[in-house]
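Just so we're aligned, residue 153 is where the sequence shown starts under our numbering, counting upward by one.
Below is one structure, written out as structure tokens, with a few remarks after it.
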Amino acid sequence: VAAPPVDIDGIREPVAGSLLYGNNIISGAIIPSSAAIGIHFYPIWEAASLDEWLYNGGPYELIVLHFILGVCCYIGREWELSYRLGMRPWISVAFTAPVAAAAAVFLVYPIGQGSFSDGMPLGISGTFNFMLVFQAEHNILMHPFHQLGVA
Numbered sequence: 153v154a155a156p157p158v159d160i161d162g163i164r165e166p167v168a169g170s171l172l173y174g175n176n177i178i179s180g181a182i183i184p185s186s187a188a189i190g191i192h193f194y195p196i197w198e199a200a201s202l203d204e205w206l207y208n209g210g211p212y213e214l215i216v217l218h219f220i221l222g223v224c225c226y227i228g229r230e231w232e233l234s235y236r237l238g239m240r241p242w243i244s245v246a247f248t249a250p251v252a253a254a255a256a257v258f259l260v261y262p263i264g265q266g267s268f269s270d271g272m273p274l275g276i277s278g279t280f281n282f283m284l285v286f287q288a289e290h291n292i293l294m295h296p297f298h299q300l301g302v303a
């Protein structure tokens, strides 16, 4: 809601994603970490100040890594409950598909690109922009495995 703009490209041109900087619910987003950070783990105590941590997009890594950890722990909890109740584990296996998709978008793709700045922004417009840019750069719709998955 009130986070300051983030220098996503590392070129000292910050991008604003908060509501106080003129965005609405549709255009507001949590902007990915700065390209200057790369794929390094960037906790609050690594920055010289809280302002620097916010400017470099520290909250994005914090939110994404906690989200992935929480979702994976939830899947493990489902697996354990199904085992203890004597059920087969296919419910938790079925719910691992969205977990794999989230891990691919939030972890695998940014690590492959070399920076968390290439990760998907956490917001409505940012998500659509990410999908359009991803299609333009990688032509995922014409990939044979994507076509087999859709069919």
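Each residue gets a CB set at the ideal place from its N, CA and C atoms; glycine is no exception.
As the structure is a prediction and not an experimental result, all values here were calculated from the model.
Practice item. With DSSP as the reference, label L233 as helix, strand or coil. Key: Looking up residue 233 in the sequence shown gives position 81. Note: L233 maps to helix in three-state DSSP.
Practice item. Could you tell me the distance, in whole angstroms, from the CA atom of W205 to the CA atom of G190? Key: Here residue 205 corresponds to residue number 53 of the sequence shown, with the count starting at 1. Here residue 190 corresponds to residue number 38 of the sequence shown, with the count starting at 1. For W205 and G190, the distance between alpha carbons rounds to 14 Å.
Review point. Which value, in whole angstroms, describes the spacing of the CA atoms of V245 and E165?
Key: Along the sequence shown, read from residue 1 onward, the residue named residue 245 stands at position 93. Along the sequence shown, read from residue 1 onward, the residue named residue 165 stands at position 13. V245 and E165: Cα-Cα distance of roughly 43 Å.
Practice item. Kindly give me the distance between the Cβ atoms of I177 and V167, rounded to whole angstroms, as I take these residues to be in contact under 8 Å. Key: For this step, residue 177 is matched to residue 25 along the sequence shown. For this step, residue 167 is matched to residue 15 along the sequence shown. Actually they are not in contact, since the Cβ atoms of I177 and V167 sit about 17 Å apart, beyond 8 Å.
**Study point:** Extent of the continuous alpha helix (DSSP H) to which I263 belongs
**Key:** For the purposes of this step, residue 263 is identified with residue 111 of the sequence shown, where counting begins at 1. 261-265 is the extent of the alpha helix (DSSP H) around I263.
Check your understanding: Going along the chain, which residues of its own chain have a beta-carbon closer than 6 Å to the beta-carbon of Y261, five neighbours each way excluded?
Key -> Within the sequence shown, residue 261 is the residue found at index 109, counting from 1. Here the set comprises nothing.
Check your understanding: If you count every other CB in all the chains shown that lies within 10 Å of the CB of F268, and 16 or more means buried, which is it?
Key -> By 1-based counting over the sequence shown, the position of residue 268 is 116. Label assigned to F268: buried.
Practice item. Would you please state the rounded distance, in angstroms, between the beta carbons of G96 and S185? I believe it to be under 8 Å. Key: Nothing can be reported for residue 96, as the shown portion of the chain is limited to 153 through 303.
Point to revise | Beta-carbon separation (whole angstroms), V251 vs I215, contact threshold 8 Å | key: Walking along the sequence shown from the start, residue 251 turns up at place 99. Walking along the sequence shown from the start, residue 215 turns up at place 63. Incorrect: roughly 16 Å between the Cβ atoms, too far for contact.
Review point. Taking the C-alpha atoms as reference points, what is the distance between Y212 and N175?
Key: Here residue 212 is taken as the residue at index 60 of the sequence shown, counted from 1. Here residue 175 is taken as the residue at index 23 of the sequence shown, counted from 1. The alpha-carbon atoms of Y212 and N175 are separated by roughly 18 Å.
**Study point:** E289: first and last residue of the uninterrupted alpha helix (DSSP H) it sits in
**Key:** In the sequence shown, counting from the first residue as 1, residue 289 sits at position 137. Looking at the DSSP string, the run of the alpha helix (DSSP H) that includes E289 is 276-290.
Practice item. Quick one: give me the first and last residue of the alpha helix (DSSP H) that D270 is part of. Key: Reading the sequence shown from its first residue, position 118 is the one you call residue 270. Taken as a continuous stretch (DSSP letters only), D270 belongs to no alpha helix (DSSP H), as it is neither H nor E.
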